[in-house]
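Enquirer: In my numbering, the protein residues as written are 25 to 237. Just so you know, even glycine gets a beta-carbon here, dropped at the ideal spot from N, CA and C. One structure is given below, represented as structure tokens, and several questions about it will come after.
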């Protein structure tokens with residue numbers, strides 16, 4: 025029934041895209057959709073308009089709700105800056121660094137797409153989606169070394185300090201390959217990102233101390 029109009033009793037509008045959906049599928053899994061459909065708003069009449077989220081992320085969120093997973097296409101946007109909304113509590117420095125790295129990561133980055141999907145799990149209140157995005161992210165994070173710094177910035181930009189899901193993966197993976205990632209005249213993890221994302225620097229420092237105890 026994914027994206028099928030058959031028996032659809034809900035229409036989700038995002039940007040210039042319209043997605044047919046079924047309340048019996050999306051509402052039990054998402055508190056966001058459940059409240060929208062139960063509320064005294066126009067959403068309860070069968071139409072939900074979603075703003076400030078890119079249509080591709082809404083489509084992939086729906087795909088997860090219907091199938092238990094989501095897929096990627098190689099022609100998707102390259103930057104998760106185009107994908108989702110940063111947490112209002114995220115570090116301003118992290119947000120600034122994320123933007124500065126966009127020009128360096130023109131190619132599609134799977135890890136950053138999964139960061140965007142993790143953010144949708146938070147936005148639509150679907151814990152299972154966050155778990156799946158974390159799973160995909162853990163596999164993809166170190167696949168593109170050139171984008172590691174940008175991905176780290178994106179993780180810290182889009183999550184609050186209390187949400188350790190992706191942050192713990194970042195620290196665990198980087199600690200495992202720290203000598204390689206910090207080597208060379210232009211390291212993948214260098215002084216610039218440590219200064220620009222203080223929360224990441226603190227997490228990495230604490231992990232290093234714990235590793236040497």
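Would you kindly check if the distance between the Cβ of residue 168 and the Cβ of residue 133 is under 8 Å?
Expert: Cβ atoms of residue 133 and residue 168: closer than 8 Å.
Enquirer: Determine the burial state of residue 233: buried for a count of at least 16 other Cβ atoms within 10 Å of its Cβ, exposed for fewer.
Expert: Per the 10 Å Cβ criterion, exposed.
Enquirer: Should residue 161 and residue 139 be called a contact, given that it needs their Cβ atoms to be closer than 8 Å?
Expert: In contact: residue 161 and residue 139 (Cβ atoms closer than 8 Å).
Enquirer: Could you tell me which residues DSSP puts in a beta bridge with residue 38?
Expert: Note: residue 38 sits in a beta bridge opposite 41, 74.
Enquirer: For residue 46, which three-state DSSP category applies?
Expert: In this structure, residue 46 counts as coil in the three-state DSSP scheme.
Enquirer: Near residue 172, which residues of its chain fall below 6 Å by C-beta distance, leaving aside the five closest residues on each side in sequence?
Expert: Closer than 6 Å at the Cβ level, and outside the excluded window around residue 172, lie 212.
Enquirer: Run through DSSP, which three-state label would residue 195 get?
Expert: Of the three classes helix, strand and coil, the one that applies to residue 195 here is helix, per DSSP.
Enquirer: Our contact map puts residue 179 next to residue 191 with C-beta atoms below 8 Å; I'd like the distance itself, whole angstroms only.
Expert: About 6 Å; that satisfies the 8 Å criterion.
Enquirer: If you measure between the beta carbons of residue 88 and residue 156, is that distance less than 8 Å?
Expert: Taking 8 Å as the Cβ cut-off, residue 88 and residue 156 qualify as a contacting pair.
Enquirer: Residue 141 lies in the alpha helix (DSSP H); which residues open and close that run?
Expert: Taken as a continuous stretch (DSSP letters only), the alpha helix (DSSP H) holding residue 141 covers 134-147.
Enquirer: For residue 226, decide whether its Cβ has a neighbour in chain C, counting only Cβ atoms nearer than 8 Å.
Expert: The structure shown contains no chain C, having only a single protein chain.
Enquirer: Helix or strand or just coil, what does DSSP make of residue 210?
Expert: Coil, per DSSP.
Enquirer: Indicate the three-state DSSP secondary structure (helix, strand or coil) for residue 189 in the structure shown.
Expert: Three-state result, residue 189: helix.
Enquirer: So residue 87 is in the alpha helix (DSSP H); what residue range does that whole segment cover?
Expert: Where residue 87 is concerned, the enclosing alpha helix (DSSP H) stretches over 79-91.
Enquirer: With DSSP as the reference, label residue 32 as helix, strand or coil.
Expert: Coil.
Enquirer: Compute the distance between the beta-carbons of residue 43 and residue 25, then report whether it is under 8 Å.
Expert: No, Cβ-Cβ distance for residue 43 and residue 25 is not below 8 Å.
Enquirer: What is the residue span of the alpha helix (DSSP H) that residue 171 lies within?
Expert: No alpha helix (DSSP H) holds residue 171; DSSP gives it neither H nor E.
Enquirer: Give me the Cβ distance between residue 148 and residue 32, rounded to the nearest whole Å; I'm assuming they're in contact under 8 Å.
Expert: Between residue 32 and residue 148 the Cβ distance is about 18 Å, and since that is not below 8 Å, they are no contact.
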